[in-house]
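Chemist:
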Amino acid sequence: MKKLISIIIITITLSACVGNDKIILRDSVGKINKVMVVAKTSDWTGDIGKEIKNSFGELMVGLPQPEPILSVSQVAPNGFSSMMNAGRNILIISEGEKESYTVRTNVYAKPQTIISVQAKDDESILKLLQKHKKDIRKTFLASDIKFTQNIFKKDKIDNSTYKTLSNLGVSFTIPSRFRTVEDTGEFLWLRNHLTSGIAKTGSNNILVYSVPLIDENLVAENIVSVRNSIGKKFIPGSDPETMYMITEEAYTPFTFDAELDGKKAYETRGKWEVKNDFMAGPFLNYTVVDKKNNRLVVFEGFTYAPSVSKRAFLFELEAIAKSMKIK
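For the sequence shown, my numbering gives the first residue as 70, with consecutive numbering after it.
(1) Are the beta-carbon atoms belonging to F303 and F256 less than 7 Å from one another?
(2) Helix or strand or just coil, what does DSSP make of S75?
(3) According to the neighbour-count rule (16 or more other Cβ atoms, all chains shown, within 10 Å of its Cβ), is T372 buried or exposed?
(4) Tell me which residue opens and which closes the alpha helix (DSSP H) that F384 is part of.
(5) From Q218 to S307, what does the alpha carbon distance come to, in whole angstroms?
(6) Taking only the alpha-carbon atoms, compute the straight-line gap between N228 and D252 and give it to the nearest angstrom.
(7) To the nearest angstrom, how far is it from the Cα of A108 to the Cα of S124?
(8) Could you give the first and the last residue of the continuous beta strand (DSSP E) run that contains Q143?
(9) Since S124 is in the alpha helix (DSSP H), which residue starts that stretch and which ends it?
(10) Could you name the residues of the same chain whose beta carbon sits closer than 8 Å to that of K215, not counting the 5 residues immediately before and after it, in chain order?
(11) Name the two residues that bound the continuous beta strand (DSSP E) containing D252.
(12) For N345, report the span of its beta strand (DSSP E) as first-last.
(13) What do you reckon, are the CB atoms on R248 and A155 nearer than 7 Å?
(14) Using only the alpha-carbon positions, how far apart do L282 and D116 sit?
(15) Indicate whether at least one CB of chain B lies closer than 7 Å to the CB of L139.
(16) Nearest CA to the CA of K361: which residue from K333, R296, V186 and S240?
(17) Which residues in the same chain have their Cβ closer than 6 Å to the Cβ of T337, if we skip the five residues on either side of it in sequence?
(18) Report the residue from R206, K167, V172 and I162 whose alpha carbon sits nearest the alpha carbon of V186.
(19) Once DSSP output is grouped into helix, strand and coil, what is the label at K225?
(20) Buried or exposed for G339, going by 16 or more other Cβ atoms inside 10 Å?
(21) According to DSSP, simplified to helix, strand and coil, what is L276?
(22) Within a Cβ cutoff of 8 Å, which residues of the same chain sit near S235, ignoring the five residues on either side of it in sequence?
(23) Here's the rule I'm using: 16 or more other beta-carbon atoms within 10 Å means buried, otherwise exposed. How should E127 be labelled?
(24) Output yes or no for whether 7 Å exceeds the beta carbon distance between G271 and A374.
(25) Restricting to Cα atoms, I'd like to know which of V295, V141 and L132 is closest to G118.
(26) Expressed to the nearest angstrom, what Euclidean distance is found between the alpha-carbon atoms of A327 and Y335?
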């Protein structure tokens with residue numbers, strides 16, 4: 070009888086863990102923009118570790134203080150146990166006769182991205198890391214974007230309640246903690262007041278608007294002048310006549326090719342300031358070429374958080390921007 074009960078318990082347990090031949094995975098753990106590297110200590114303290122740290126440690130452009138694109142931590146292979154393998158972003162370095170670069174998802178937990186780099190010796194591993202450096206960073210960042218967007222979906226704003234979004238025919242996955250500053254029907258400004266730690270006097274901000282598409286070849290070079298005109302018109306300082314948002318004159322923004330909602334776009338990162346005042350911070354601008362409607366759709370996020378790191382705030386705005394859908 071006891072044996073029969075044991076068999077029933079095991080069967081129920083297996084049934085609870087398996088459905089449609091798929092094991093139900095536990096939730097992954099780990100901070101946004103952080104990667105756990107599984108590598109021997111000798112590799113981590115040598116050239117392989119140096120290559121990884123230099124690659125992930127490249128500074129994010131447009132931030133007032135130096136902050137890396139990705140943060141890293143290391144664990145030795147013999148320490149990569151069931152206690153550790155639930156990390157959301159994992160890079161595994163190993164030696165083997167077969168050279169390989171693989172990307173796997175949801176192996177030990179969900180959501181999870183595991184990149185494995187294997188080669189016969191240190192020199193070959195270094196070459197693989199250098200060859201796939203951009204792909205590795207892009208894969209982990211894209212994974213974190215998707216993870217962040219899924220969190221926002223659980224408590225998001227109703228886009229139809231905003232005149233500007235309805236009139237422009239655009240939508241975003243924006244967490245409901247953002248509040249309306251202005252919604253004219255042509256220009257939307259949302260703000261999330263930061264409420265924790267030293268940043269509690271700051272805010273994360275979203276701007277959405279459109280401008281006519283006049284010459285597609287001049288879009289990139291006109292991004293700064295467009296945002297300056299919008300700042301002067303809609304983002305005043307304490308004295309609206311003499312104080313308003315502009316692109317920081319002492320810092321040249323960086324503009325990259327991008328794609329949003331399947332459309333050509335430009336990503337611009339830089340610093341904003343209030344003319345004739347002391348307020349400043351980083352901004353992230355996506356200008357999307359909407360040929361169908363002969364216009365440029367602009368999403369801009371900017372952060373005001375004095376004296377604290379701002380990478381996480383900008384990443385949140387990036388995740389929101391990349392959820393854009395245009396009718």
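Idealized CB from N, CA, C, for every residue including glycine.
Quantities reported herein were computed from a predicted structural model and do not represent experimental measurements.
Modeler: So, from the listed chains and residues:
(1) Cβ distance < 7 Å, so F303 and F256 count as in contact.
(2) For S75, the predicted model reports a pLDDT of 42, less than 50, meaning its position is unreliable; a value from the coordinates is still stated below. The answer is helix: DSSP assigns S75 an H, G or I state.
(3) With 16 or more Cβ atoms within 10 Å of its Cβ, T372 is classed as buried.
(4) Segment R380 to A390, the alpha helix (DSSP H) holding F384.
(5) Going by the C-alpha atoms only, they are around 34 Å apart.
(6) Going from the Cα of N228 to the Cα of D252 covers about 12 Å.
(7) Those two C-alpha atoms are separated by around 16 Å.
(8) In the DSSP assignment, Q143 falls within the unbroken beta strand (DSSP E) covering S140 to V144.
(9) Segment D116 to F125, the alpha helix (DSSP H) holding S124.
(10) The residues are P180.
(11) For D252, the uninterrupted beta strand (DSSP E) run begins and ends at R248 to D252, by DSSP.
(12) Premise fails: N345 is in no beta strand (DSSP E) and is neither H nor E.
(13) No, Cβ-Cβ distance for R248 and A155 is not below 7 Å.
(14) Each residue's alpha carbon lies about 49 Å from the other.
(15) The structure shown contains no chain B, having only a single protein chain.
(16) K333 is the residue among K333, R296, V186 and S240 whose C-alpha sits nearest the C-alpha of K361.
(17) Non-local beta-carbon contacts of T337 in its own chain, meaning distances under 6 Å to residues more than five positions away in sequence, involve I292, P322, T324 and N354 in chain order.
(18) Taking the Cα of V186 as reference, the smallest distance to any Cα among R206, K167, V172 and I162 is reached at I162.
(19) Here K225 sits in strand by DSSP.
(20) Under this definition G339 is a buried residue.
(21) Correct three-state label for L276: strand.
(22) The beta carbon of S235 is closer than 8 Å to those of N228 and S229 in its chain, skipping five residues each way along the sequence.
(23) Residue environment: E127 is assigned as exposed (fewer than 16 neighbouring CB atoms within 10 Å of its CB, all protein chains considered).
(24) In this structure, G271 sits near A374, with a CB-CB distance shorter than 7 Å.
(25) Considering only alpha carbons, the answer is V141.
(26) Each residue's alpha carbon lies about 5 Å from the other.
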